[in-house]
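In full-length UniProt numbering, the protein residues as written are 1 to 96.
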């Protein structure tokens with residue numbers, strides 16, 4: 001998987017962690033154990049009662065053993081979303 005991440009370096013990515021967090025940022029680097037370095041990152045906190053809260057994280061490291069899913073963010077699609085009106089249940093932790 002590490003070699004596949006090379007295509008995502010310096011691009012905006014969204015990560016879903018094993019504990020159900022959603023983190024978005026620019027992938028700056030990674031290592032062989034999939035530890036990820038993100039810049040200009042923020043966490044998207046979903047709830048059914050209000051819009052998506054965006055918590056600024058800045059420069060952030062995600063441990064490889066906590067990465068469940070990673071994918072590239074389409075800037076046009078992401079920029080067109082109205083996060084204030086999106087309601088969703090928070091993700092549960094992933095159980096293996």
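All residues carry an ideal CB built from backbone N, CA and C; glycine is no exception. Remember, it's a predicted structure, so these values are computed and weren't measured experimentally.
query: At what residue ranges does the segment 35-59 contain a whole run of the beta strand (DSSP E), taking only runs of 3 or more?
result: 36-45
query: Whole-angstrom Cβ separation of residue 70 and residue 13, contact assumed at under 8 angstroms?
result: Counted from its first residue, the chain shown places residue 70 at position 70. Counted from its first residue, the chain shown places residue 13 at position 13. So it is a contact: roughly 6 angstroms between Cβ atoms.
message: Can you find the residues in the same chain that come closer than 8 angstroms, C-beta to C-beta, to residue 6, ignoring five residues on each side of it along the sequence?
response: The residue labelled residue 6 in the question sits at position 6 within the chain shown. Cβ neighbours of residue 6 beyond the five flanking positions: none.
field: Helix, strand or coil at residue 26 [DSSP, three-state]
entry: The residue given as residue 26 occupies position 26 in the chain shown. Reduced to three states, the DSSP call for residue 26 is strand.
query: Does the beta-carbon of residue 3 have 16 or more other beta-carbons within 10 angstroms, so that it is buried, or is it exposed?
result: Position 3 of the chain shown holds residue 3. Result: exposed.
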